[in-house]
Structure formats: C-alpha cells, structure tokens
Amino acid sequence: MLRALPRDGDNFFRRASFASAGLISVLMFALMASLVVGAWPALHKFGPGFFFSDDWNPVTEQFGAANALYGTLVSSFIAVLLALPVGLAVSIFLSELCPQWLSRPLSIAIELLAAVPSIIYGMWGLFVFAPWFGESFQVWASDHLADLPVVGTLFQGPPMGVGLLTSGIILAFMILPILTSLIKEALSTVPNVLREATYGIGATQFEVIAKVLLPAVKGPIFGALILALGRALGETMAITFVIGGAQTIETSLFMPATSISATIAEQFNEATGQLHISSLIGLGLVLFMITFVVMGTARVLLRRNRK
Amino acid sequence: MKQLLKGVVLSCAVVGSGAAMADTVINGAGATFPYPVYAKWAEQYNKETGVKLNYQAIGSGGGIKQIVANTVDFGASDAPLDKAQLDKEGLVQFPAVMGSIVPVVNLQGIKAGEMKLSGSVLADIYMGKVKFWDAAEIAKLNAGLKLPHTPIYAVHRSDGSGTTYNFSDYLTRVSADWSKTVGTGKEVAWPKEAHQLGGKGNAGVANFVKRTKGAIGYVEFAYAKTNNLTYTQMQNKAGAFVMPTMEAFMAAAANADWAHAPGFKLILNDQPGAASWPMTAATFILMHKEQANPATAKEVLKFFKWGYEKGDNLASELEYVPMPDNVVKMVEDMWRGDIKSDKGQAVYQ
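Here's what the structure looks like:
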C-alpha cells in the first residue's frame, strides 16, 4: 500500500484536498440554507420590513432587526475607529522602533490579549471598566461635550457606564491583537532595500514611516481593519455584558442598546413562540450576511496586495 | 492492536454498566429561577438515598421543549402552561417551590424597607410616566421621607426570564395602561419613555441598581438580601403596605386558591389578604402522563415528595417559599390519579 503511493500519490492528494475544499463550501451553503429556512416564518410575515423595523415586542409578536443591527454596526465601527490608531502605532513601534530585546516579549504580550476569553472581557468591562468609565469620562463628557452643536447629542444622557460607547471600547481591546499582528506582519514584508534607500537620501525616520512604509502596506492595513471589523461584528459574550440590553435606537452613545448577537444570546433560551424563535434566527441570518460580505471584502483586498 | 481494542471496548462496557447499576440518575431541565434550590435538594437527597439528580438550568422555554421531546424525565418552567396545552402534549404540571420578586432602589439616605410603593406607581415608573423620585405619586405614598429630585432609571432583565414574566404579569394585573401597552411576557417591549437599562440575569440587575444612583429594579428576594439592596414595601390587594418577609410570602401562598386552578395553573401575584406580598410566584414541574419508564418516574416523584417534606429548610435558607401542606396534598392526589405507566398502572402510591 505504502509502496504504491508515489505513483498515485499526487492524484490522491489532489482529490483529497479538493474534496475537503468542496466540503467547506457545502457546509457553508448548508449553514446559510438552514438559517434561511429557520428565519422563513419571520421573513414571510414581516417581509423586507423585518430589516428596517425597530419594533421588537415578544408580547405582540412584532419583530424587527433595526435596533440590533444599529447597535452591532455602531459598536463595531467605534471599535475599529479606536483600535486603528493604537494598532498602527503599536505595530510601527514593534517593527521599526523597538529594540530587539523588547520586541519579542511585547509581541507575545499583545498576542496573549487575543487568548483572553471574551467572557473575561465582558466581566472586566461590567465590573471594573464600566463603573470607572461612567463616573469619570461620562460625567465629564455630559458636563463639557453635551452642549456642543451636532456632536453634543452623542454625549447626552445619564452616566450609566454601560452602553454603545463602552461596548465599542471593550471591542477595541478585543480586536487590537489581530489588528496589530496583521499590520506588523505586513510591515515586515516591506523589503529592507526600500528603507535603506530612503535613509540614504537623507530622510528622517518619520518620513520613512509616513512616506514609504505606510503607503506600501495600505492594502493590507485596510484588509486587517476589515478582518478586525468581522471579529467585532460577531462578538457576543462581552457585548452582552456591557451594551445595556435595551431594544432602542438612540443618538447618544451613552445610552444602552443591543446588538444582534446579544439579542440572540439573551432571548433564545426563553423564546417559546415560533415567530420569536424564527425572528432570532433571522437576526442570525442578517449577521451571517454582514460578516460574510465584510470578510469576503477583506480577503479580496489582502490577496490583491500580495500579488 | 485488535486485542487492545477489545480490551478498551470491554472496559468501557464494564465501567458503563457499573455506573448504571450503582446509582439511579434522574434528568431534568428548564427554569433557571429555582436552580439553586433544586441543586441544594439534589445534593442532600443524593447523600441520603444515593439517587442522583442531573438538572440543567437551560431556561423555561428549553425545559418545555425537552419534556415535549421526551429527552428528560421532567421539565421545569416558571410560566405555567394552560390546561389545554398540557392536555395536547399529554403532560401534567405541579408547583415545586415558590419565590418572590421585590423592587429594589438606589437612593441616597433611603434604607431598606423605608420606601413605600404601589403597583400602579411601579407600572407608571416603568412606563416613564413618573420620571423623578420626588414626583407627586411617590411623595403621596411616602409622607415623611425626604425624596431627592433625581431622575429614575428603570432597570429590567435583558434576558428572557421567568422573573420578568411574573413581574410584568403583576403590572398587567394592577395597571390597565400597562396591560394595554406592554402586557405579560418573559421578555417585553420596555416602554421607551422611561430611562431603561437592561441587566443580564438577577445578578446583572442587582449590579446596575447597586451602581446607578436613582435606579429601581426588580430581583428575586434572595438577590436583594445577599447583595444588601434597598428593597421597598409594597401595597397589596387589600391596600395594606407589607414588607418582603417570609411570612408575607407564605401568606400570599396560603391565600391562593389552588383547589380551583385547572392543571395547577395559578399565578400568585396580587393575591388577597392583608398580610400577602403581592409579587409571589410558583415555579412548575412538567411530566408526561403516560410513563414509558415508570421506575424513573417514580424516582422523580419521590424526589419532589422529599423536597416538599424535608427540603423546606433548605428552600427557606435560600429565600424560597416552601409549598403549604394543603397544596402538597393536592399535588400528591394528582400524582396518584394522573401519572400512569403505559400499562395503565399508577406510578405513585
């Protein structure tokens, strides 16, 4: 048997890997199909309105995804917005400025952040971060920022500590490792010749980073950002703890809200009505589609740059 | 290789059958609300009899689904099923233990048991009609109490729960507005006019109330007590203000009319009697009428019989209210009459 392999080995290997790849696609379509089937009663009853209605009332069996969709998108957007500058700075420091002896332990420390289970982030967020954040930043912000034109509405509301902004910040912590390691990886692929040449014509370190390195890895940074966004969109446990569990759409970032994953996590256990369960599966379908599109875009962008 | 495999299979079989012989295991799943008391009972009962109870607190909805699908020996639900639903699925239901819900507040200078609330004011608070703590409606009930001009934050459960079911049921009974606009459910659409904040589980609500000045929430009494939260007095159906005490919970249970509740579907909220606490709720056990495995069914019933008789103290230690003797008698009569083996023999004598 073993001796026969070299002759047919290539062929066998090709078929086996093709079959595995095929299996993944089949699985994904099966997943999508079962979500559509599960969500069908809700989609049939509410039509396209399911995606736009902010009515979520289990008592009267009126369901709409808008509240959860809004909370998911806004909290993830805040997370990416906050994590990007920090992630950029950290990865530039690690790959360009940091002395050798510090670079490894620091990288490991950042990657360990990714190993922290999300429920730990949730508990830390609820018991440690949220009370502090409410008493310090939110009180200050509602005194100083709430009266500003336009942006003021973002900071109005009671300093409860939990809500959209808090969720965004906790998410930012959670996506920082993936963002940092991907950007660092991209920076390390820039040929050294390029750096040396730029220093050679008398550029400062800042100019090398800002004018040569960053433009060279623009694509991967964007790809990393979208991968991180995908992570943020699907996060469940941490968000469930700190978002405040309210089915509303508010302009203020301090107000409690909900996300798709949090709504599913909190209501699925006790949902008994068929329409309620179906609507929760419908929320799952919405999340699946969003992350699918986001991750797909990221992959395309990352690949294009690699070529 | 073959011998090794044989050995493994054999030893697995021996271990498996050994475990099955050594102790009887009963499986249940459902409500999270009574989980602490079932867990305590199971531990003690196992010590006394060697019978093991495996209870998974997956929520009332899950409990109902699992008993209907016949994957567990009993299901547990905080919200009782209708007689019609029970008959359709061939189930019986009986109350196992009771618990009570108390409003808790966070207001400077106000101690536990000092503030008085009525059902309709509580409903108005959660509907955002009463927005400040010094509003006339609250002041009227609390002459002599210094109420601050602080906005009210209404904290609710963000997860679907039996506690919310019983709380919203109470508000439905005492407030016509609430019943019209919100209604009863394990999860309801909380009125947006109030400052609403949702906490996950009793612990989440307790945490938010403890931390937010001007907050009000509702939790099981055990959580109010262990977290040192400021509970309030409530006005009951008879118009009297009562403190949340074991006596008041027992009074509500004793005044309830179990004898005229088909399928033991009875919600204990807003019961008559001057001493009754108005938010008291039983949690229920669901079993099949026809038992394919009468021996296990008998073990389940023996377990709950033990819980009624000897589990009283354990229940009250955890701030649950034991079922009164007359109700236990009715439940046992139902067991004798309704739960049969597939050959038609009574499972419980």
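Protein sequences appear in the order of chains A and B.
Start counting the first sequence at 94; every next residue gets the next number (this note's numbering).
Start counting the second sequence at 262; every next residue gets the next number (this note's numbering).
Cβ coordinates follow ideal geometry from the N, Cα and C atoms, glycine included.
Between the C-alpha atoms of residue i and residue j, what's the straight-line distance to the nearest angstrom?
i         : j         : result
Ser381(B) : Ser436(B) : 5 Å
Met282(B) : Gly311(B) : Legend: pLDDT at Met282(B) = 43, less than 50; position of this residue unreliable, value from coordinates given subsequently. Met282(B) and Gly311(B): Cα-Cα distance of roughly 11 Å.
Ile302(A) : Thr390(A) : 26 Å
Asn160(A) : Phe145(A) : 9 Å
Leu342(B) : Gly423(B) : 13 Å
Gln552(B) : Ile287(B) : 14 Å
Asn427(B) : Thr445(B) : 8 Å
Asp586(B) : Phe469(B) : 38 Å
Val275(B) : Ala114(A) : Residue placement at Val275(B) is poorly supported in this model, since its pLDDT is 43, which falls under 50; the coordinates are not used for a value here.
Leu120(A) : Gly142(A) : 29 Å
Trp596(B) : Leu547(B) : 12 Å
Gln354(B) : Gly323(B) : 16 Å
Lys601(B) : His549(B) : 9 Å
Asp599(B) : Thr544(B) : 20 Å
Trp451(B) : Glu300(A) : 55 Å
Ala325(A) : Leu275(A) : 16 Å
Asn270(A) : Arg392(A) : Reading the sequence as shown, one finds Pro at residue 270(A) and not Asn. If I take the Cα positions, the gap works out to 18 Å.
Leu529(B) : Ile319(A) : 53 Å
Arg108(A) : Ile117(A) : 14 Å
Leu199(A) : Leu205(A) : 10 Å
Met262(B) : Leu272(A) : Reliability of the predicted coordinates at Met262(B) is poor, the pLDDT of 48 falling under 50, and the value obtained from them is presented with this limitation in mind. Approximately 48 Å between the Cα atoms of the pair.
Leu347(B) : Phe525(B) : 11 Å
Asn489(B) : Phe482(B) : 10 Å
Gly180(A) : Arg197(A) : 16 Å
Phe335(B) : Pro356(B) : 13 Å
Asp147(A) : Leu162(A) : 9 Å
Are the beta-carbon atoms belonging to residue i and residue j less than 8 Å from one another?
i         : j         : result
Gly370(B) : Thr411(B) : no
Ala373(B) : Tyr492(B) : yes
Leu394(A) : Phe334(A) : no
Ala158(A) : Gly375(A) : yes
Leu432(B) : Leu402(B) : no
Gly227(A) : Ile336(A) : no
Val592(B) : Lys559(B) : no
Gly338(A) : Gly289(B) : no
Phe347(A) : Phe248(A) : yes
Ala350(A) : Thr356(A) : no
Gly461(B) : Ser419(B) : Checking the displayed sequence, the identity of residue 461(B) turns out to be Lys instead of Gly. Cβ distance < 8 Å, so Lys461(B) and Ser419(B) count as in contact.
Thr293(B) : Asn367(B) : no
Asp430(B) : Met388(B) : no
Thr384(A) : Ala358(A) : no
Pro134(A) : Gln367(A) : yes
Ser321(B) : Ala345(B) : no
Gly218(A) : Ala331(A) : yes
Val480(B) : Val365(B) : yes
Gly250(A) : Ala223(A) : no
Glu343(A) : Glu448(B) : no
Ala396(B) : Gln457(B) : no
Met504(B) : Gln496(B) : no
Ala337(B) : Gly291(B) : yes
Quick one: give me the first and last residue of the alpha helix (DSSP H) that residue i is part of.
i         : result
Ala290(B) : No alpha helix (DSSP H) contains Ala290(B), which is instead part of the beta strand (DSSP E) from 286-291.
Ala325(A) : 311-327
Gly380(B) : 380-387
Gln574(B) : Per the sequence shown, the amino acid found at residue 574(B) is Asn instead of Gln. Its alpha helix (DSSP H) spans residues 573-578.
Val298(B) : 296-310
His237(A) : 232-237
Tyr292(A) : 285-293
Val592(B) : 586-599
Leu355(A) : The sequence given here places Ala at residue 355(A); Leu does not occur at that position. Residues 353-360.
Ala415(B) : Unbroken run through Ala415(B) is the beta strand (DSSP E), 414-418; no alpha helix (DSSP H).
Hey, could you find the ends of the beta strand (DSSP E) residue i is sitting in?
i         : result
Gln369(B) : Taken as a continuous stretch (DSSP letters only), Gln369(B) belongs to no beta strand (DSSP E), as it is neither H nor E.
Gln317(B) : 313-317
Phe393(B) : From DSSP, Phe393(B) is part of no beta strand (DSSP E); its letter is neither H nor E.
Gly336(B) : 335-338
Residues of chain D with CB closer than 7 Å to the CB of residue i, please, in chain order.
i         : result
Thr333(A) : Note that chain D does not occur in the displayed structure, where the protein chains are A and B.
Beta carbon of residue i: closer than 7 Å to some heavy atom of the ligand SAH?
i         : result
Phe105(A) : By its list of ligands, the structure shown contains no ligand whatsoever, and the ligand SAH lies outside what it can speak to.
Below 8 Å, can you find three or more Cβ-Cβ pairs linking the region 352-363 of chain B to the region 396-416 of chain B? Using a Cβ-Cβ distance cut-off of 8 Å, the region 352-363 of chain B and the region 396-416 of chain B are not in contact, since fewer than three pairs of beta carbons, one from each stretch, lie closer than that value.
Could you say if the region 232-250 of chain A and the region 279-295 of chain A meet the contact criterion of at least three C-beta pairs nearer than 8 Å? Touching, no.
Evaluate contact between the region 263-273 of chain A and the region 202-221 of chain A, counting only Cβ atoms and requiring at least three cross-stretch pairs below 8 Å. These segments touch.
Taking 8 Å as the cut-off, does the region 509-519 of chain B touch the region 531-538 of chain B (at least 3 CB pairs, one atom from each stretch)? The region 531-538 of chain B is in contact with the region 509-519 of chain B.
Ignoring anything shorter than 4 residues, give me the alpha helix (DSSP H) runs that lie fully in the region 156-226 of chain A, in order along the chain. Counting only unbroken stretches of 4 or more residues, the alpha helix (DSSP H) elements lying wholly within the region 156-226 of chain A are 159-185, 193-208, 211-217, 223-226, in sequence order.
Does the region 251-265 of chain A touch the region 163-174 of chain A, meaning 3 or more C-beta pairs lie closer than 8 Å? For the pair of segments examined, the region 163-174 of chain A was found to touch the region 251-265 of chain A: the number of CB pairs separated by less than 8 Å reaches three.
For the region 431-476 of chain B, list the alpha helix (DSSP H) runs that are entirely contained and at least 4 residues long, ordered along the chain. Listed in chain order, they are 437-442, 462-472.
Do the region 186-203 of chain A and the region 372-386 of chain A make contact, defined as three or more Cβ pairs closer than 8 Å? Fewer than three beta-carbon pairs drawn from the region 186-203 of chain A and the region 372-386 of chain A are found closer than 8 Å, and the two stretches are therefore not classed as touching.
The region 292-300 of chain B in contact with the region 569-587 of chain B per 3-pair CB rule at 8 Å: The region 292-300 of chain B is in contact with the region 569-587 of chain B.
What are the complete alpha helix (DSSP H) segments, minimum 4 residues, inside the region 482-569 of chain B? Runs found: 482-487, 507-516.
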